[in-house]
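Colleague:
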Amino acid sequence: MKITFKKTNLIGQADKMLYGHFLEHFHRQVYDGVFDPESKFADEDGFRTDVLEAMKKVQTPIIRWPGGCYVSAYDWHYGVGKKRIPTYDKAWRVEESNLFGTDEFAKLCKKLDCIPYICTNAGTGTAEDMSNWVEYCNLRNMGIFAKERIENGFEDPHNIKFWSIGNENWGGHEIGSKDAEEWGRLVRESAKMMLRVDPTLELSAASIDDLDWNLNLLRTAGQYLDWISIHSYWDFTPDGVTYIDYDTAMLRTGEDISGVIDRVRAYLTACGLEKKIKIAYDEWNLRGWYHPNLMDIWNREPKRHEDEDFYQNQILAPRNINDNNAIYTMADAVFSAAFLNTCMRNCDIVGMACFSPIVNTRGAIFTHENGIVLRSTYYVFDLYANLLKENVLDIWSEDVPKLCGTDRGTRKTVDAVDIVVTYGEGGYAIAAVNKDPEKAQTIDLSIIEDEVSEYRIHTLNGPSVDSYNDIGRDEVGIKTGEWQNFTGSVCLEAHSVNVIELR
Ligand code: AHR
158 MKITFKKTNL IGQADKMLYG HFLEHFHRQV YDGVFDPESK FADEDGFRTD VLEAMKKVQT
218 PIIRWPGGCY VSAYDWHYGV GKKRIPTYDK AWRVEESNLF GTDEFAKLCK KLDCIPYICT
278 NAGTGTAEDM SNWVEYCNLR NMGIFAKERI ENGFEDPHNI KFWSIGNENW GGHEIGSKDA
338 EEWGRLVRES AKMMLRVDPT LELSAASIDD LDWNLNLLRT AGQYLDWISI HSYWDFTPDG
398 VTYIDYDTAM LRTGEDISGV IDRVRAYLTA CGLEKKIKIA YDEWNLRGWY HPNLMDIWNR
458 EPKRHEDEDF YQNQILAPRN INDNNAIYTM ADAVFSAAFL NTCMRNCDIV GMACFSPIVN
518 TRGAIFTHEN GIVLRSTYYV FDLYANLLKE NVLDIWSEDV PKLCGTDRGT RKTVDAVDIV
578 VTYGEGGYAI AAVNKDPEKA QTIDLSIIED EVSEYRIHTL NGPSVDSYND IGRDEVGIKT
638 GEWQNFTGSV CLEAHSVNVI ELR
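First residue of the sequence shown: 158, per this note's numbering; consecutive thereafter.
(1) Taking 7 angstroms as the cut-off, is the C-beta of His-178 nearer than that to any heavy atom in the ligand AHR?
(2) Near Ser-493, what residues of its chain come up, given a Cβ to Cβ distance below 6 angstroms and the 5 sequence neighbours on each side ignored?
(3) So which of Thr-579, Gly-224, Ile-436 and Cys-561 has the shortest CA-CA distance to Asp-593?
(4) Between which two residues does the beta strand (DSSP E) holding Tyr-662 run?
(5) Please say whether Tyr-390 and Arg-444 have beta carbons closer to each other than 8 angstroms?
(6) From the DSSP output, in three-state form, read off Val-191 for me.
(7) Could you give the first and the last residue of the continuous alpha helix (DSSP H) run that contains Thr-262?
(8) Report all residues from its chain with a CB closer than 7 angstroms to the CB of Arg-205; omit the five preceding and five following residues, and keep chain order.
(9) Check Tyr-541 in the structure and name its three-state DSSP category.
(10) Can you find a heavy atom of the ligand AHR that lies under 7 angstroms from the Cβ of Cys-561?
(11) Given the structure, does Glu-181 come close to the ligand AHR, in the sense that its CB is under 7 angstroms from one of the ligand's heavy atoms?
(12) Quick check on Glu-476: does DSSP put it in helix, strand or coil?
(13) If you follow the alpha helix (DSSP H) that Glu-308 is part of, which residue opens it and which one closes it?
(14) Does the ligand AHR have even one heavy atom less than 7 angstroms from the beta-carbon of Asn-324?
(15) Tyr-381 to Val-609, Cα distance in whole Å?
(16) Can you tell which of Asn-642, Ser-624 and Leu-659 has the C-alpha that lies nearest to the C-alpha of His-652?
(17) Report the rounded CA-to-CA distance for Leu-473 versus Glu-252, giving the unit in angstroms.
(18) Starting from the Cα of Leu-531, find the closest Cα among Trp-290, Leu-175, Asp-202 and Glu-632 and give me that residue.
(19) When the distance is taken between beta carbons, is Lys-318 closer than 8 angstroms to Asp-383?
(20) Mind reading off the beta-carbon distance from Leu-360 to Met-351? Whole number of angstroms is fine, and I expect it under 8 angstroms.
(21) How many Å lie between Trp-327 and Val-398 at the Cα?
(22) Taking the straight line between their C-alpha atoms, what separation do you get for Ala-597 and Trp-249?
(23) Mapping the DSSP letters down to three states, classify Thr-579 as helix, strand or coil.
(24) What is the DSSP secondary structure of Phe-512, reduced to helix, strand or coil?
(25) Bridge partners for Lys-569 per DSSP, in chain order?
(26) Which whole-angstrom value is the C-beta distance of Ala-284 and Asn-324, which I expect to be below 8 angstroms?
(27) On the three-state DSSP scale, how would you describe Ile-454?
(28) Can you give the Cα-Cα distance for Leu-167 and Ile-220, rounded to whole angstroms?
(29) Who pairs with Val-654 in a beta bridge, going by DSSP?
(30) Mind checking whether Gly-282 and Asn-255 have CB atoms under 8 angstroms apart?
(31) Given 7 angstroms as the limit, tell me if Glu-440 has its C-beta closer than that to any heavy atom belonging to the ligand AHR.
(32) Apart from the five residues on each side of it in sequence, which residues of its chain come closer than 7 angstroms, Cβ to Cβ, to Ala-483?
(33) At the level of alpha carbons, what is the spacing between Lys-267 and Ile-506?
(34) For a test of the three-state rule: what should DSSP assign to Arg-444, helix, strand or coil?
(35) Can you give me the Cβ contacts of Val-122 inside the same chain, cut-off strictly under 8 angstroms, excluding the 5 residues immediately before and after it?
(36) CB-CB under 7 angstroms to Lys-213, same chain, minus the five flanking residues each way: which ones, in chain order?
Okay, here's the thing in structure tokens:
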């Protein structure tokens, strides 16, 4: 395989927000995840310092919160103030303590020096609820809600600039789902009220890869939006105990990812908004989350709480399957790198991506009583967020090896090697993914009108495609080679994610 590139031949700038994360009030993401006052790792505000350190190490740029499905029946008001009363979470059918709310989220993002991004309740919520939330966060002292924030001990506004109107309200699974016409009108009216509180907001709205949904949303509310939110999970196993293997995951790294972005770009272009509105891929993960028997739309047979035993053993307990670290292998790391490469190739229109989620469930960081486990996906962010440069170059590829196979009855062919070349201060940094499960691949690098003399390769890998990390098990990690003379080609290990530095 050969690639040719030139440092003045850019696709665009990759926003650091492509390496963003998502945190939802589900299972152990917030409580027992980032926020655990009883933990021996807890700081003075109850945050786990080992989790904070791991999130700082990957330069977490933005966190989306509080949901996800959770938010579509969430009243933010219960989550602020000196007295927090527990409420029933209708999305996930558990009791929410409300001990972690807006002010705690603002504190978390301040500690991480990252952008807070709030998703509002457009399920049962109203335009007034959403704009009141903006008042609470961003007005200095006018009106009821800003004064309440001051009363709660926060004199200065939180200045939360990124807001999303709604979460997946396009789907029957969502509390307060809407049809396309309703959605356009609700987003327009909510956006107007939120922007009258703070005209500097960056506003997104829940969207999907669907023409009708987007034409209604963009024609009715496009003038108020800076982003539209897209979500994808590619291994959507409602049964949760069978997972697609490495080879199948690789077959979903081609059109299964790029096709969504291409079509959403087309909807924006059709409405003349492709220069105004960007795509926020603000939930993505190879693996869908496991939460069975939850008025499960996938089997259309809403299940009742027959009894406490059913609730405990058929609804709550199975969620612990998400904590099985053996699930998260090199398939997850290689897929995630291919996803981020696709976003970088489309960085002119994809400006944000939030890994769903960052802590526990299917996340990159797993917490336990005595520490954390960094799953394979964590190291993709460690490589990409810390080593890649901001300029994404257009590249010419020749003789790209392919992977072929059958996925859900469809014959598929994908590139076996996925390369993105970035350029910036210090030279080139190349994201190079070798998806081949067995074969190493040698890449010839041809640089137009420039010279480099040395290269260094950082390789994320494990002994096999099924390698994973767990408590007391560190199979997957990053090896960094020495600087070597550059001879024009570099070899990529089988099933590996690499960043090659050239100088
Ligand atoms: O499975 C988790 C859910 O996936 C999130 O809450 C929602 O946004 C998406 O459908």
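Glycine is no exception: its CB is placed at the ideal position from the N, C-alpha and C atoms. Values in this document were obtained by computation on a predicted structure and should not be read as measured data.
Modeller: On the basis of the supplied data:
(1) Working through the sequence shown from its first residue, we reach residue 178 at position 21. Result no, Cβ not under 7 angstroms from the ligand AHR.
(2) Counting from one through the sequence shown, the residue named residue 493 turns up at place 336. The residues are Thr-534 and Val-537.
(3) Counting from one through the sequence shown, the residue named residue 593 turns up at place 436. Taking only the C-alpha atoms, the option nearest Asp-593 is Cys-561.
(4) Outside the modelled stretch of the chain, which goes from 158 to 660, sits residue 662, for which no answer is possible.
(5) The residue given as residue 444 occupies position 287 in the sequence shown. The residue given as residue 390 occupies position 233 in the sequence shown. Going by C-beta atoms, Arg-444 is nearer than 8 angstroms to Tyr-390.
(6) Within the sequence shown, numbered from 1, the residue matching residue 191 stands at position 34. It is coil, neither helix nor strand.
(7) Mapped onto the sequence shown, residue 262 falls at position 105. The residue you asked about is not Thr; residue 262 is Phe in the sequence shown. Run containing Phe-262: 259-269, per the alpha helix (DSSP H) assignment.
(8) Residue mapping note: residue 205 aligns to position 48 of the sequence shown, counting from 1. Hits under 7 angstroms: Val-191, Asp-193, Ser-196, Phe-198, Ala-199 and Thr-524.
(9) Residue numbering aside, residue 541 sits at position 384 when the sequence shown is read from its first letter. Helix, per DSSP.
(10) Within the sequence shown, residue 561 is the residue found at index 404, counting from 1. No, since every heavy atom of the ligand AHR falls outside the 7 angstroms radius drawn around the Cβ of Cys-561.
(11) Residue 181 sits at position 24 when you count from the first residue of the sequence shown. For Glu-181, the distance from the CB to the nearest heavy atom of the ligand AHR is below 7 angstroms.
(12) Position 319 of the sequence shown, counted from the first residue, corresponds to residue 476. Before going further, note that residue 476 is Arg rather than Glu in the sequence given. In this structure, Arg-476 counts as helix in the three-state DSSP scheme.
(13) As a working mapping, residue 308 is identified with position 151 in the sequence shown. Unbroken alpha helix (DSSP H) run through Glu-308: 300-308.
(14) Numbered from its first residue, the sequence shown carries residue 324 at position 167. Yes.
(15) For the purposes of this step, residue 381 is taken as residue 224 along the sequence shown, with counting starting at 1. For the purposes of this step, residue 609 is taken as residue 452 along the sequence shown, with counting starting at 1. For Tyr-381 and Val-609, the distance between alpha carbons rounds to 46 angstroms.
(16) For the purposes of this step, residue 652 is taken as residue 495 along the sequence shown, with counting starting at 1. Looking at the Cα atoms, Ser-624 is the closest of the given residues.
(17) The count along the sequence shown starts at 1 and reaches residue 473 at position 316. The count along the sequence shown starts at 1 and reaches residue 252 at position 95. Cα to Cα, the separation comes out at about 12 angstroms.
(18) Taking the first residue of the sequence shown as 1, we reach residue 531 at position 374. Considering only alpha carbons, the answer is Glu-632.
(19) Stepping through the sequence shown from its first residue, residue 383 is reached at position 226. Stepping through the sequence shown from its first residue, residue 318 is reached at position 161. Going by C-beta atoms, Asp-383 is not nearer than 8 angstroms to Lys-318.
(20) In the sequence shown, the residue the question calls residue 360 occupies position 203. In the sequence shown, the residue the question calls residue 351 occupies position 194. Cβ atoms of Leu-360 and Met-351 come within 8 angstroms of each other, at about 7 angstroms.
(21) Start at 1 with the first residue of the sequence shown, and residue 327 comes out as number 170. Start at 1 with the first residue of the sequence shown, and residue 398 comes out as number 241. Distance from the CA atom of Trp-327 to the CA atom of Val-398, rounded to whole angstroms, is 27 angstroms.
(22) Counting from one through the sequence shown, the residue named residue 597 turns up at place 440. Counting from one through the sequence shown, the residue named residue 249 turns up at place 92. Taking the Cα positions, Ala-597 is about 44 angstroms away from Trp-249.
(23) What you label residue 579 is simply residue 422 of the sequence shown in a count that begins at 1. In the structure shown, Thr-579 sits in a strand (DSSP, three-state: E or B).
(24) Position 355 of the sequence shown, counted from the first residue, corresponds to residue 512. Looking at Phe-512 - three-state DSSP - the assignment turns out to be strand.
(25) Within the sequence shown, the letter at position 412 stands for residue 569. Lys-569 is bridged to Gly-562.
(26) Taking the sequence shown and counting its residues from 1, one reaches residue 284 at position 127. Taking the sequence shown and counting its residues from 1, one reaches residue 324 at position 167. That belief does not hold up - the Cβ atoms of Ala-284 and Asn-324 are roughly 16 angstroms apart, past 8 angstroms.
(27) Within the sequence shown, residue 454 is the residue found at index 297, counting from 1. Note that Ile-454 scores a pLDDT of 46, beneath 50, so its modelled location is shaky and nothing firm can be said.
(28) For the purposes of this step, residue 167 is taken as residue 10 along the sequence shown, with counting starting at 1. For the purposes of this step, residue 220 is taken as residue 63 along the sequence shown, with counting starting at 1. Cα-Cα distance, rounded: 28 angstroms.
(29) To locate residue 654, count along the sequence shown from 1; it is residue 497. DSSP, once it has assigned bridges, lists Val-590 and Leu-617 as partnering Val-654.
(30) Counting from 1 along the sequence shown, the entry for residue 282 is found at position 125. Counting from 1 along the sequence shown, the entry for residue 255 is found at position 98. Cβ atoms of Gly-282 and Asn-255: not closer than 8 angstroms.
(31) Here residue 440 refers to the residue found at position 283 when the sequence shown is read from its first residue. Flag set: Cβ of Glu-440 near the ligand AHR.
(32) The count along the sequence shown starts at 1 and reaches residue 483 at position 326. So the qualifying residues of the chain are Tyr-625 and Asp-627.
(33) The count along the sequence shown starts at 1 and reaches residue 267 at position 110. The count along the sequence shown starts at 1 and reaches residue 506 at position 349. Lys-267 and Ile-506: Cα-Cα distance of roughly 28 angstroms.
(34) Along the sequence shown, one-based indexing puts residue 444 at 287. Strand.
(35) One cannot answer for residue 122 here, as it falls past the ends of the chain, which runs 158 to 660.
(36) By 1-based counting over the sequence shown, the position of residue 213 is 56. The answer, listed in chain order, is Leu-269.
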